[in-house]
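Reviewing the structure listed below.
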Amino acid sequence: KVTPELRQRIVKLKTSGMTLSAISRELGRSKSVISRVLKLYNEKKTFKSPATVGRPRITTVREDRGMKRYVTKDPFETAAGISRQIKANSNKEVSRFTVSRRLNEFGLRARSPASKPIISKKNQKARREYAEAHVIWRDEDWERIHFSDESKFNLVGSDGRQFVRRAAGDRLNPKCVKKTAKHGGGSVMVWGMFSSEGVGPLVRIIGTVNANVYLNLVQQHVIPPLRASPNQPAIFM
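Numbering (the working numbering), first residue to last: 2 to 238.
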């Protein structure tokens with residue numbers, strides 16, 4: 002529900018020169034709500050809510066704010082999950098569709114989350130130090146590097162599609178980013194190498210990679226292309 006006080010504040014912010022997006026972020030309301038308030042004010046010159054028709058809202062303003070708090074605390078909480086929590090806490094039936102509409106009114110729409118790998122503090126430090134140590138490298142230096150990495154491919158289906166409830170502009174907010182693990186079960190693990198010369202062979206890794214397995218992989222698939230590389234001395238990473 003948009004109160005007369007909130008309507009007055011929206012008009013005041015717009016009059017001060019703020020954009021719809023800025024007002025939306027400031028007040029935590031969607032741009033469509035902001036736009037409707039401004040349109041009504043321009044047409045009627047009033048801060049009163051327009052007369053409504055149809056069924057009354059099943060949720061109160063307090064309950065709506067409670068739904069917003071659920072998502073603010075855990076952006077990955079689903080509308081169905083919030084519906085179950087409302088049922089457990091107040092014994093009130095609120096459908097997941099109603100929950101979704103209320104969250105949309107706050108500008109918290111369901112979106113596909115950005116993903117990033119889980120990196121330990123130790124590895125973060127090592128990556129930063131590596132970048133700082135090589136910041137002055139030229140293109141010719143990087144052309145000598147042969148990079149390698151391994152990746153997991155699921156055998157059946159995917160890890161499942163997940164959504165996050167967030168406001169526009171919060172895509173890279175750490176709370177709204179999906180953390181991904183490097184490896185997992187029920188999958189095929191492969192290793193590959195690439196450089197400025199192109200890509201190397203794609204090798205399937207079976208079982209656990211111990212010292213002997215890795216040494217054999219290097220001898221068969223790393224050393225030969227390094228020796229044949231025109232960019233010498235070639236470096237393997």
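Every residue gets a Cβ at the ideal spot worked out from N, C-alpha and C, and that includes glycine.
Under a Cβ-count criterion, where at least 16 other Cβ atoms within 10 Å of its own Cβ denotes burial, should residue i be classed as buried or exposed?
i	result
R228	exposed
V210	exposed
Q221	exposed
V223	buried
P57	exposed
T99	buried
F107	buried
K123	exposed
S96	exposed
K69	buried
Taking 6 Å as the limit between beta carbons, can you name the residues of its chain near residue i, skipping five residues before and five after?
i	result
R8	V38, F48
L32	Correcting the residue identity first, residue 32 is Lys in this sequence and not Leu. These residues qualify, in order along the chain: L21, S25.
P76	V165, R166, R167, K176, C177
Can you give me the C-alpha to C-alpha distance between residue i and residue j, rounded to a whole angstrom?
i	j	result
L14	M238	54 Å
V1	R10	Nothing about residue 1 can be read from this structure; the chain reaches only from 2 to 238.
L21	E44	18 Å
P118	K180	6 Å
E64	N90	11 Å
A111	K88	22 Å
I24	V200	49 Å
A134	A127	10 Å
M194	K74	41 Å
I83	P202	48 Å
In chain order, what residues of the same chain have a beta carbon less than 8 Å from the beta carbon of residue i, not counting five sequence neighbours either side?
i	result
Q86	Y71
Q233	R145
For the ligand FMN, is there a heavy atom less than 7 Å away from the beta-carbon of residue i?
i	result
Q86	Looking at this structure, you won't find the ligand FMN or any other ligand, since it has none at all.
Spatial neighbours of residue i within its chain, please: C-beta separation below 7 Å, excluding the five flanking residues on both sides.
i	result
E198	S230
K93	I87
I206	E151, M190, V191, W192
Could you check how far apart the C-beta atoms of residue i and residue j are, in whole angstroms? I think they sit under 8 Å.
i	j	result
K153	S188	4 Å
A115	L173	6 Å
L104	A80	7 Å
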